[in-house]
Amino acid sequence: MSTLFTINIQNNSSSFQNFYVFQQPAIYVGGQQVYSNSLWSQGVLPSSTGGSSATFLMLQQFYAGVQQQITPPAVGGVSGYSSAIQAIGLTPAAGGSPTNNTTSMIISPALGLTPPVNTTGPQAGSYRIITPTFNPTVTPYNAGAASQSPSGIVTLSNFVVAQPNQNIDCQPVLQFYVQTGTYTPGTVINFSTSSVNAALCNATTGFVTFNVSYNVDGTWSVTSSAATKVMGQPRIQAQAHPSTLSLSADAANNAEIKNEAGTAVICTGYAANFNTPVTVQALSNPGVIQLHSEYQVGPTGGPYTGRMCTSIVGNTATFA
Numbered sequence: 423m424s425t426l427f428t429i430n431i432q433n434n435s436s437s438f439q440n441f442y443v444f445q446q447p448a449i450y451v452g453g454q455q456v457y458s459n460s461l462w463s464q465g466v467l468p469s470s471t472g473g474s475s476a477t478f479l480m481l482q483q484f485y486a487g488v489q490q491q492i493t494p495p496a497v498g499g500v501s502g503y504s505s506a507i508q509a510i511g512l513t514p515a516a517g518g519s520p521t522n523n524t525t526s527m528i529i530s531p532a533l534g535l536t537p538p539v540n541t542t543g544p545q546a547g548s549y550r551i552i553t554p555t556f557n558p559t560v561t562p563y564n565a566g567a568a569s570q571s572p573s574g575i576v577t578l579s580n581f582v583v584a585q586p587n588q589n590i591d592c593q594p595v596l597q598f599y600v601q602t603g604t605y606t607p608g609t610v611i612n613f614s615t616s617s618v619n620a621a622l623c624n625a626t627t628g629f630v631t632f633n634v635s636y637n638v639d640g641t642w643s644v645t646s647s648a649a650t651k652v653m654g655q656p657r658i659q660a661q662a663h664p665s666t667l668s669l670s671a672d673a674a675n676n677a678e679i680k681n682e683a684g685t686a687v688i689c690t691g692y693a694a695n696f697n698t699p700v701t702v703q704a705l706s707n708p709g710v711i712q713l714h715s716e717y718q719v720g721p722t723g724g725p726y727t728g729r730m731c732t733s734i735v736g737n738t739a740t741f742a
């Protein structure tokens, strides 16, 4: 089940401002040029004159995406049309449970992506798009990382120009930027230029909600927090239990929870054992654990096993 990335943007300057949101380009194997698109754009009145904040929402789900080009990618131009996306898993770190990390692009009878399957080729933290035989001079395509809004709007976040019979390995980076200016979603931007002095919303540590303020002096203020809702439903709130186990600092560090790809420890805690289901108490950062999301769970230092969170109550989570 996907949760949401949320960026709330407030304009504390003295004049009307347009803002746009974009993502850190993924890491692509092969050294091809990587292009970035704007994901969202909206104007906001100054808060001093009654302007309300604007909100960018994106599903917290990895999507492979392909798209037919209109013209070769150029800053300020639309990257393409007739897009297709496919929800996909990231390759786990060594020892993790296999994921469906590979999809194949199809172009006939229409553009699409096959349901993902597991393969052993992609690096940890990445997924693979396999392209078919086609003539890129007649019908060129883009392929890479896609995003989807809660209302179903699809945008190719960043991409490379696809070549025939190619393995495109894409390692997404969950960092988002807010900048002043106007780039409609799906418009190619210059990431190097746009990211200078932009507000950074870093979701790699597990935070999914960001409050961004554009200040009167042209600087940014960013505060982050974990989600308080899961797909629009309130999270289960912590309840006081007189019999709650009191844990020493050493005991609380015997379990580690990594992100789905297994590339970073996002939370620690205490587990009496690591038999299925695994219950981890005294979570160090419970806000980053989302119901029905996938994680790598294991003793400190490993080995880790891919597991889904089946319950989260207060600072205790269960993984199966």
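Residues 423 to 742 in the numbering used here are what the sequence shown lists, from first letter to last.
Beta carbons are placed, not taken as given, at the ideal position from N, Cα and C, and that holds for glycine.
Residue i in three-state terms, based on DSSP
i, result
"S617", "coil"
"R657", "In this predicted model, R657 has a pLDDT of only 33, less than 50, meaning its place in the structure is not dependable; the value taken from the coordinates is given anyway. R657 falls in the coil class under three-state DSSP."
"V644", "strand"
"V710", "helix"
"N676", "coil"
"S526", "strand"
"P471", "Position check: residue 471 holds Thr in this sequence, whereas Pro was assumed. In this structure, T471 counts as helix in the three-state DSSP scheme."
"F458", "In the sequence on display, residue 458 carries Ser and not Phe. If DSSP states are grouped into helix, strand and coil, S458 belongs with the strands."
"Q588", "coil"
"N564", "strand"
"N580", "strand"
"V497", "coil"
"S519", "coil"
"A440", "In the sequence under discussion, the amino acid at residue 440 is Asn, which differs from the Ala named in the question. Of the three classes helix, strand and coil, the one that applies to N440 here is strand, per DSSP."
"L533", "coil"
"V600", "strand"
"Q491", "strand"
Beta-carbon spacing of residue i, residue j below 8 angstroms
i, j, result
"I407", "V497", "Here the chain has residues from 423 to 742 only, and residue 407 is not among them."
"N633", "N430", "yes"
"A403", "Y563", "In the structure displayed, the chain extends from 423 to 742; residue 403 sits before or after that span and is not available."
"N388", "I688", "Residue 388 lies beyond the residue range present for the chain, which begins at 423 and ends at 742; the question has no answer from this structure."
"S501", "F581", "yes"
"T553", "A565", "yes"
"S571", "L479", "yes"
"T631", "N440", "no"
"T567", "A448", "Per the sequence presented here, residue 567 reads as Ala, with Thr not at that position. In this structure, A448 lies closer than 8 angstroms to A567 by Cβ."
"S646", "N637", "no"
"V700", "Y692", "no"
Outcome for residue i when other beta-carbon atoms lying within 10 angstroms are tallied against a minimum of 16
i, result
"A486", "buried"
"P494", "exposed"
"T616", "Checking the sequence shown, residue 616 turns out to be Ser, not Thr. By the neighbour-count rule (16 or more Cβ atoms within 10 Å), S616 is buried."
"S436", "exposed"
"P656", "Bear in mind that a pLDDT of 33 at P656, under 50, signals an unreliable position, so the model cannot answer this."
"Q455", "exposed"
"N681", "buried"
"S635", "buried"
"Y503", "exposed"
"V618", "exposed"
"A620", "buried"
"N697", "exposed"
"G465", "exposed"
"G453", "exposed"
"P725", "exposed"
"S474", "exposed"
"I492", "exposed"
Chain B within 8 angstroms of residue i, Cβ atoms only
i, result
"V451", "Considering every chain present, this structure includes no chain B. It has just one protein chain."
Residue closest to residue i, alpha-carbon to alpha-carbon, out of the options
i, options, result
"A546", "S475, N522, G566, A565", "N522"
"R550", "I529, T524, G534, A694", "T524"
"G709", "Q718, S526, V700, T738", "T738"
"S469", "F438, Q483, Q489, T477", "F438"
"T541", "N557, I529, I510, G534", "I510"
"T685", "T513, V638, S579", "T513"
"V719", "P447, G517, Y450, F484", "G517"
"T561", "T631, S530, S646", "S530"
"Y717", "S643, Q432, S635, I679", "I679"
"T606", "A620, Q588, V443", "V443"
"S573", "S505, L481, A506", "L481"
"T604", "I449, W462, Y726", "W462"
"G543", "Q588, S579, G453, F741", "Q588"
"G608", "G499, T698, S526", "G499"
"S579", "Y457, A704, G736, M730", "Y457"
"G640", "L426, T428, F427, N434", "N434"
"Q712", "T701, P699, T645, G628", "G628"
"P519", "T740, M730, A694", "The residue you asked about is not Pro; residue 519 is Ser in the sequence shown. Looking at the Cα atoms, M730 is the closest of the given residues."
"Q508", "P537, I492, I528, Q490", "P537"
The ligand COA heavy atom lying under 7 angstroms from the CB of residue i
i, result
"N589", "The ligand COA is not among the ligands present in this structure, which contains no ligands whatsoever."
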